[in-house]
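Under our numbering, think of the first position of the sequence shown as 7, with each following residue one higher.
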Amino acid sequence: MKKKLKHLEPHVHSTYSHLHSHPEVSWNEKETAAYILQRLSEDGLKCTPFPSFPGLIAEIGTGRPVIAIRADMDALWQEKDGSFQAVHSCGHDAHMSIVLGTAALLKDSIGGLKGTIRFIFQPAEETGEGAIAVTKLGVVDDVDYLFGLHLRPIEELPLGAAAPAINHGASHHILGKIIGEDAHGARPHLGTSAIETGMMLNQLLSQIKLSPMNPHSVKLTRFEAGGENLNIIPGNAIFGIDARAQSNEDLNHLKVEIQRSIQALEEWYGITIEQEHQPDTTASIISKEAANHMETAIIDTLGRKGLHKTVVTPGSDDFHFYTKLRPNIKATMLALGADLTPGLHHPHMTFDHSCLMIGVEIMSRAVMETMKAES
Numbered sequence: 007m008k009k010k011l012k013h014l015e016p017h018v019h020s021t022y023s024h025l026h027s028h029p030e031v032s033w034n035e036k037e038t039a040a041y042i043l044q045r046l047s048e049d050g051l052k053c054t055p056f057p058s059f060p061g062l063i064a065e066i067g068t069g070r071p072v073i074a075i076r077a078d079m080d081a082l083w084q085e086k087d088g089s090f091q092a093v094h095s096c097g098h099d100a101h102m103s104i105v106l107g108t109a110a111l112l113k114d115s116i117g118g119l120k121g122t123i124r125f126i127f128q129p130a131e132e133t134g135e136g137a138i139a140v141t142k143l144g145v146v147d148d149v150d151y152l153f154g155l156h157l158r159p160i161e162e163l164p165l166g167a168a169a170p171a172i173n174h175g176a177s178h179h180i181l182g183k184i185i186g187e188d189a190h191g192a193r194p195h196l197g198t199s200a201i202e203t204g205m206m207l208n209q210l211l212s213q214i215k216l217s218p219m220n221p222h223s224v225k226l227t228r229f230e231a232g233g234e235n236l237n238i239i240p241g242n243a244i245f246g247i248d249a250r251a252q253s254n255e256d257l258n259h260l261k262v263e264i265q266r267s268i269q270a271l272e273e274w275y276g277i278t279i280e281q282e283h284q285p286d287t288t289a290s291i292i293s294k295e296a297a298n299h300m301e302t303a304i305i306d307t308l309g310r311k312g313l314h315k316t317v318v319t320p321g322s323d324d325f326h327f328y329t330k331l332r333p334n335i336k337a338t339m340l341a342l343g344a345d346l347t348p349g350l351h352h353p354h355m356t357f358d359h360s361c362l363m364i365g366v367e368i369m370s371r372a373v374m375e376t377m378k379a380e381s
């Protein structure tokens, strides 16, 4: 395998360079998907594009077990160097490059092993909607094992280290609008200050507490009120709420408490608060069997010194919707050390590119280990 990996290395790095320099945001990954389709077709894989949105699957082999690997494709829209643009600041370009490299390696490496290896290139992870859309197509209905991966920040894992699972949290987001009456700065009694309401909302949210043993948080992430005139007390405002917990059950408790706080403010101030609820992300559902196969692959690649325990993070990933919607799937995500700084979603995020081939080897070994165990 080492010889094949060395041969593949320049191709994986050139793939990364192309994908990194051609970022596309959620649901617009058309050129990205076309590039991936071309690469996989050139490698001789059978490819099936998704019918109504960007993305595709590619397969090696036939029959059971069906082992799938998922790569997310979308970039983020954020300000970088003074202008808003699409940026691959979450490592999805690396994920795609690793999975493409894994496909290129496995097509000539599985020998007499039986089963189907399915590569899923999924759009719109950042919106939390892509995995749900792919699941609705029936793409994972027959999947026995599902593997994903994510580069990790340096404070979690250094280069040369990896973990067999990522314990992501669940998240809930609300875009809200406070609807009241403006008032003259000299006559505050004739209106309702949306700023005061927002300050009270922030205080109420900060007082929501669950067990300290279970990580969780609720906070305002956006607040806009007022205009050019400083002698007007604004009655209207827009706000955003981000709620997170390490379990779906705790997130549901947070959602109940948030609604109690909002309803109390409506009663106290005699206002209306409209809410738009974005799709939740779900907490991770980790399969012990899948994680064990990934652990073996990590040890075979990096030695025991490179194996770290499951990474626990309040971040989220829509990968876990696959197992929430199809509980029969055994799934886990590789946590890959990459010396990544200063952090995920930072517009100037960088990492050590030597992690790419480490990822290819671990993912390839995880698939072959699983095929051997299930044959």
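Cβ coordinates follow ideal geometry from the N, Cα and C atoms, glycine included.
message: I'd like to know whether the C-beta atoms of Gly166 and Leu14 end up nearer to each other than 7 Å.
response: No; because the gap between Cβ atoms is not below 7 Å, this pair is not in contact.
message: I'd like the list of long-range same chain contacts for Leu145, defined as Cβ closer than 7 Å, with 5 residues on each side in sequence excluded.
response: Correcting the residue identity first, residue 145 is Val in this sequence and not Leu. Same-chain partners within the cutoff: Ile63 and Ile126.
Neighbour-count burial assignment, Pro60, 16 or more Cβ in a 10 Å radius: Buried is the call here.
query: With distances taken from CA atoms, which of His195, Ile42, Arg266 and Leu207 is nearest Ile244?
result: For the options His195, Ile42, Arg266 and Leu207, the alpha carbon positioned closest to that of Ile244 is the one of Leu207.
message: Give me the DSSP bridge partner(s) of Glu280.
response: DSSP lists Lys183 as the beta-bridge partner residues of Glu280.
message: Comparing C-alpha positions only, which one of Met79, Gly67, Ala139 and Ala137 sits nearest to Ile116?
response: The candidate whose alpha carbon is nearest that of Ile116 is Gly67.
task: Give the straight-line distance between the Cα atoms of Leu362 and Gly97, rounded to the nearest whole angstrom.
output: Near 11 Å, if we compare the C-alpha coordinates of Gly97 and Leu362.
message: With H, G and I counted as helix, E and B as strand and the rest as coil, what does DSSP make of Trp33?
response: The answer is coil: DSSP assigns Trp33 none of H, G, I, E or B.
message: Would the region 330–343 count as touching the region 282–300 if we require 3 or more Cβ pairs under 8 Å?
response: Flag = yes, the region 330–343 and the region 282–300 touch.
- prompt: Given Ala81, which residues of its chain have a CB within under 7 Å of its CB, disregarding the five upstream and five downstream residues?
  reply: Excluding sequence positions up to five before and after Ala81, its CB lies within less than 7 Å of the CB of Pro29, Glu30, Val31, Ala92, Val93, His94 and His98, all in the same chain and listed in chain order.
field: Pair within 7 Å by beta-carbon distance, Ile239 and Pro194
entry: Yes, these two residues count as a Cβ contact at 7 Å.
task: Please state whether DSSP places Arg193 in a helix, a strand or coil.
output: Three-state result, Arg193: coil.
message: Along the chain, where does the beta strand (DSSP E) containing Asn173 start, and where does it finish?
response: Ile172 to His174 is the extent of the beta strand (DSSP E) around Asn173.
- prompt: Does DSSP put Val140 in a helix, in a strand, or in coil?
  reply: DSSP places Val140 in helix when its eight states are reduced to three.
- request: May I have the straight-line CA-CA distance separating Ser360 from Glu65, to the nearest angstrom?
  value: Rounded to the nearest angstrom, the two C-alpha atoms are 27 Å apart.
- request: Could you name the residues of the same chain whose beta carbon sits closer than 7 Å to that of Lys330, not counting the 5 residues immediately before and after it, in chain order?
  value: So the qualifying residues of the chain are Thr288 and Ile291.
query: CB-CB under 8 Å to Lys10, same chain, minus the five flanking residues each way: which ones, in chain order?
result: Within the same chain, Lys10 has close Cβ partners Leu111, Asp114 and Ser115.
message: Quick check on Thr203: does DSSP put it in helix, strand or coil?
response: Correct three-state label for Thr203: helix.
task: Kindly list the residues whose CB is nearer than 6 Å to the CB of Ala171, restricted to its own chain and excluding five residues on each side of it in sequence; keep chain order.
output: Here the set comprises Ile292, Ala297, Thr316 and Thr338.
- request: Can you check DSSP and say which residues form a bridge with Met339?
  value: DSSP, once it has assigned bridges, lists Gly154 as partnering Met339.
field: Rounded straight-line distance, which links the Cα of Arg76 to that of Thr122
entry: The alpha-carbon atoms of Thr122 and Arg76 are separated by roughly 14 Å.
query: Taking the DSSP output, what are the residues bridged to Gly4?
result: Because the chain here runs from 7 to 381, residue 4 falls outside it and cannot be looked at.
message: What ranges does the alpha helix (DSSP H) occupy inside the region 35–95, keeping only unbroken runs of at least 4 residues that lie completely in it?
response: Taking 4 residues as the shortest admissible run, the region 35–95 contains the following complete alpha helix (DSSP H) segments, listed from N- to C-terminal end: 36–48.
message: Is it buried or exposed, Glu367, if we count other Cβ atoms within 10 angstroms and call 16 or more buried?
response: Burial call: buried.
query: Where does Asp2 fall in DSSP's three states?
result: Nothing in the structure corresponds to residue 2, since the chain is present only between 7 and 381.
task: Starting from Val317, follow the beta strand (DSSP E) in both directions and report where the run begins and ends.
output: Residues Val317 to Thr319.
- request: Using three-state DSSP, classify Ser370 as helix, strand or coil.
  value: Correct three-state label for Ser370: helix.
- request: Give the secondary structure of Pro348 by DSSP, where H, G and I count as helix, E and B as strand, and everything else as coil.
  value: When DSSP states are grouped into helix, strand and coil, Pro348 belongs to the coil group.
query: Straight-line CA distance for Thr141 to Gly276?
result: Taking the straight line from one Cα to the other gives about 43 Å.
query: Roughly how far, in whole angstroms, is the beta-carbon of Leu163 from the beta-carbon of Gly365, given that I think they are within contact range, below 8 Å?
result: That belief does not hold up - the Cβ atoms of Leu163 and Gly365 are roughly 12 Å apart, past 8 Å.
field: Simplified DSSP assignment, three categories, for Ile116
entry: In the structure shown, Ile116 sits in coil (DSSP, three-state: anything other than H, G, I, E or B).
- request: Using three-state DSSP, classify Pro159 as helix, strand or coil.
  value: Pro159 falls in the strand class under three-state DSSP.
Backbone secondary structure at Gln265 - three-state DSSP: Correct three-state label for Gln265: helix.
Extent of the continuous alpha helix (DSSP H) run through Ile292: Run containing Ile292: none; DSSP gives neither H nor E here.
query: Just curious, the alpha helix (DSSP H) that Thr21 is in, first and last residue?
result: Start and end: Lys8 to His26.
message: Let's test the definition: count the other Cβ atoms within 10 Å of the Cβ of Leu196 and tell me whether it reaches 16, buried, or not, exposed.
response: The residue is exposed, with fewer than 16 neighbouring Cβ atoms inside 10 Å.
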